[in-house]
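Asker: Residue numbers for the sequence shown, in the UniProt record's numbering: 1 to 655. All residues carry an ideal CB built from backbone N, CA and C; glycine is no exception.
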Amino acid sequence: MATIQSILNETRTFTPSASFVEQANVSGMEEYDALCAEAEKDEAAFWSRLARDHISWHKPFTRVLDETNHPFFTWFDDGELNVSYNCLDRHQTTQPDKVALIFEADDGTVTRCTYQDLYRRVCRFANGLKSLNIRKGDRVVIYMPMSIEAVVAMQACARIGATHSVVFGGFSAKSLHERIIDAGAVAVITADEQWRGGKINYLKAVVEDALGRGETDSVKSVVVYQRGSGDLQLEANRDIWWHDLIRDQSETCEPEWVNAEHPLFTLYTSGSTGKPKGVQHSSAGFLLGAITSMQWIFDYKSSDIFWCTADVGWVTGHTYVTYGPLAVGATQIIFEGVPTYPDAGRFWKMIQDHKVTTFYTAPTAIRSLIKLGPDLPKQYDLSSLRLLGSVGEPINPEAWMWYYTTVGQSRCPLVDTWWQTETGAHMIAPTPGAVMLKPGSCTLSLPGIKAGIVDEAGHDVPVGKGGFLVIKRPFPSLARTLWGDPERFRNTYFPEELGGKYYLAGDSAHRDADGYFWIMGRIDDVLTVSGHRLGTMEIESALVASPLVAEAAVVGKPDEIKTEAIVAFVVLKGARPKAEDAHRIVQELRNWVSQEIGPIARPDEIRFGDNLPKTRSGKIMRRLLRTLARDEEITQDVSTLENPAILEQLKQAVA
Ligand code: WT7
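1. Beta carbon of Gln116, beta carbon of Thr322: below 9 Å?
2. Sorted by chain position, which residues of the same chain lie with C-beta nearer than 6 Å to Ser6's C-beta, five sequence neighbours on each side aside?
3. Near Arg590, what residues of its chain come up, given a Cβ to Cβ distance below 8 Å and the 5 sequence neighbours on each side ignored?
4. Looking at Thr266 and the ligand WT7, is the gap between the Cβ and the nearest heavy atom below 8 Å?
5. Does the Cβ-Cβ distance between Phe347 and Leu387 come in under 9 Å?
6. In the DSSP assignment, find the unbroken beta strand (DSSP E) run with Trp195 in it and report its ends.
7. Residues in the same chain with beta-carbon distance under 8 Å from Asp66, minus the five sequence neighbours each way, listed in chain order, please.
8. Using only the heavy atoms of the ligand WT7, determine whether one of them is closer than 8 Å to the beta carbon of Trp418.
9. Could you check if Glu178 is buried or exposed, using at least 16 other CB atoms within 10 Å of its CB as the buried criterion?
10. Is there a Cβ from chain C that is less than 9 Å from the Cβ of His262?
11. What's the call for Ala290, buried or exposed, on a 16-neighbour Cβ count within 10 Å?
12. State buried or exposed for Asn643, treating a residue as buried only when at least 16 other CB atoms are found within 10 Å of its CB.
13. Just to confirm before moving on: does the CB-CB distance between Ala442 and Ile453 stay below 9 Å?
14. With H, G and I counted as helix, E and B as strand and the rest as coil, what does DSSP make of Tyr380?
15. Report the option in Arg490, Gly458, Trp518, Leu482 whose CA atom is closest to the CA atom of Ala498.
16. Would you grab the beta carbon distance between Ile148 and Thr111 for me? Rounded to a whole angstrom, and I think it's under 8 Å.
17. Does the distance from the CB of Glu393 to the CB of Ala425 come in under 9 Å?
18. Taking a contact to mean a Cβ-Cβ separation below 9 Å, would you say Leu543 touches Ile600 in this structure?
19. What whole-angstrom Cβ distance do Ala153 and Phe125 have, given they're in contact under 8 Å?
20. What is the C-beta distance between Thr357 and Ile297, in whole angstroms, given that I count them as a contact (C-beta under 8 Å)?
21. Three Cβ pairs or more, each shorter than 8 Å: is that satisfied between the stretch 205–218 and the stretch 88–102?
22. Determine the burial state of Asp239: buried for a count of at least 16 other Cβ atoms within 10 Å of its Cβ, exposed for fewer.
23. What distance in whole Å lies between the Cβ atoms of Glu10 and Lys501, which are believed to be in contact at a cut-off of 8 Å?
24. Nearest to Asn25 by CA position, among Val529, Ser302, His354, Pro339, is which residue?
25. In angstroms with no decimal places, state the Cα-to-Cα distance between Ser272 and Thr536.
26. With a threshold of 7 Å on Cβ separation, who are the neighbours of Ala44 within its own chain once the five nearest residues in sequence on each side are excluded?
27. Would you say Leu132 and Leu245 are within 9 Å of each other, going by their C-beta atoms?
28. Measuring only the C-alpha atoms, how far is Trp402 from Leu372?
29. Going straight from the alpha carbon of Asp455 to that of Arg623, what length do you get?
30. Going by the DSSP bridge assignment, what does Asn201 pair with across the sheet?
31. Decide if Thr68 is buried, meaning its Cβ has at least 16 other Cβ atoms within 10 Å, or exposed.
32. Can you confirm whether the stretch 247–255 touches the stretch 217–231 when touching is taken to mean that 3 or more C-beta pairs between the two stretches lie within less than 8 Å?
33. Would Gln249 and Asn127 be called neighbours here (beta carbons separated by less than 9 Å)?
34. Please classify Ala330 as buried or exposed, where buried requires at least 16 other C-beta atoms within 10 Å of its C-beta.
35. Can you check whether the CB of Gln649 is closer than 9 Å to the CB of Phe608?
36. Is Thr528 a contact residue of the ligand WT7, with contact defined as CB to any heavy atom under 8 Å?
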């Protein structure tokens, strides 16, 4: 870690305005400090107070945290609840006519859905799932476009106690296939078409391809929502249209009361090696994290129009689309399209049209919108905004400043929220009516979250020094395990090397003299491409699966828009291609990866060599490859290389 240095020296600070502080849920540092002190004094009392205040329990819990089976913690484990009941029933009775979802389609068509409507739609679909014999504990894969129906599908699973596993609609048949098998899914919920940016993707066709690849006998039903023409062949005894499934179903459905620890969902996330990890979340602990962060970090008010732009295929779309906003009774935007269609003013126009108050998006979107139209926000009325948020990767200070001044008009606090699929909810982020902001820092941890930075031995590092970001105490929204692989959960997140005590996030970070956290990046080889985390291993496996390829190594190189561009070093089975053939093979391989994993994993650059640089033990020298990818001077020791001549080959990108 000694080699990790902070190159950022940011000194600008921003304090919340008096008017924001006055109305804030956590108003001023005294209140923030008081919450932290309450958690410090009695952790169990703190979390149990919050769980009682914010969750409607069918059977109240008497136990709080159980650490006996470390690191497989349980929370509130003798309590019973239903997450869908918490999101729908309690608002359906108190504010039935409040709009829950404002859906804006790719073509701009707007549909509104009240809490009463949503409740009925979820109940009908939940009854439909039951009619397919789907039961508590069954796994259901959801492969859907952003839509009201995607939220309905997830909520309906929660209502009947089925564990959903949403697969992002951009993943390929191969990735979907792997996830269906790993989950042992009994059903797949999908749509005929997905409309994004004026283009159509045929989702059902991808499902068909995935199910045709074998070992998917667990899947008994495929439910197809008709988004488009509906012009497709359904397989008898397996497929059913969404509208046919719900036709005769009742508009009420008694929720299945489940234990607090019942798995609400699993969500696959890339690891640095091997197959994707099915991150498994609980019901009550996850819900509590979603609600408290809606209150503390998003400063939720009932008059808010909330918009988190994430797809439900990512954890952000679980916590801050399907669960958090509904649990607190919010009105929120669901957007089918992309930020650049029909032009790069789409987000700003939607904020204006729907009078959005709280806007939460990713740095990669911000960076591409800066590039496409730095002055576009000025053409729209953004005066409804009162809070901005960022998530997914470090936001560089210049993008932060643009977002803050041009979009937020220097009026709205900007919350940079650090968290992960595994943590379920925000971990390090400013409570906006209290904490002073610094561009590029996610600031301080939430009350009750004991984040720290340690060295390889698990000891705290001094101020300003880089180290491993850890969370030292359990918290309710932490993932419970990896689906079907508890040992991998333990080894990945509570490794022996750190004494097995702390949750290891896998990021490096440092703290400044004010105790502010600055995230420096992943400590493993996962790439961040346009807001997506991709394991290099998966891309390499895909390349090697091509009949042309013998060996491949993938690294990232910094990219202004995508965060990282993907550079692949490839050894072909045949001879190294001649210049005239290289271009064609590059295209072929890029398309291949696209089909194997998905377009997001398509390499930006491919270079060919007769071999890859390896250590004596046969390990690929990735650091050397990173240097080559960046076209930097080689300073590493290359004396162990068997064939130094290949470095000259690998320096050359295919034109
Ligand atoms: C990883 C988690 C959290 C939901 C979306 C991504 C990076 C996330 C930030 C931030 C710096 C961030 C980290 C983290 N990350 N938010 N505000 N500042 N880095 O979920 O796919 O599980 O990725 O994203 O590296 O470990 P995920």
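Answerer: According to the structure data:
1. no
2. Low per-residue confidence applies at Ser6: pLDDT is 43, beneath 50, and the placement is therefore not dependable enough to give any value.
3. Arg602, Pro603, Ile606
4. no
5. no
6. 194–196
7. Phe73, Thr74, Trp75, Asp77
8. yes
9. buried
10. Considering every chain present, this structure includes no chain C. It has just one protein chain.
11. Around the beta-carbon of Ala290, 16 or more other beta-carbon atoms lie within 10 Å, marking it buried.
12. By the 10 Å Cβ count, Asn643 comes out exposed.
13. A quick correction: the sequence has Cys, not Ala, at residue 442. The answer is no: Cβ separation not under 9 Å.
14. coil
15. Note on identity: in this sequence residue 498 is Leu, with Ala being the wrong assignment. Leu498 has its Cα closest to that of Gly458, out of Arg490, Gly458, Trp518, Leu482.
16. 7 Å
17. no
18. no
19. The beta carbons of Ala153 and Phe125 sit about 7 Å from each other, so the pair counts as a contact at 8 Å.
20. About 14 Å separates the two Cβ atoms, so there is no contact after all.
21. Judged by Cβ distances under 8 Å, the stretch 205–218 makes no contact with the stretch 88–102, as fewer than three pairs qualify.
22. buried
23. Actually they do not touch by this definition, with Cβ atoms about 32 Å apart.
24. Out of Val529, Ser302, His354, Pro339, Ser302 has the C-alpha closest to the C-alpha of Asn25.
25. With a pLDDT of 48 at Ser272, under the threshold of 50, the modelled position of that residue is not reliable, and the figure given next carries that caveat. Looking at the two C-alpha atoms, the distance is approximately 7 Å.
26. Val64, Leu65
27. yes
28. 13 Å
29. 21 Å
30. Gln194
31. exposed
32. no
33. yes
34. buried
35. yes
36. yes
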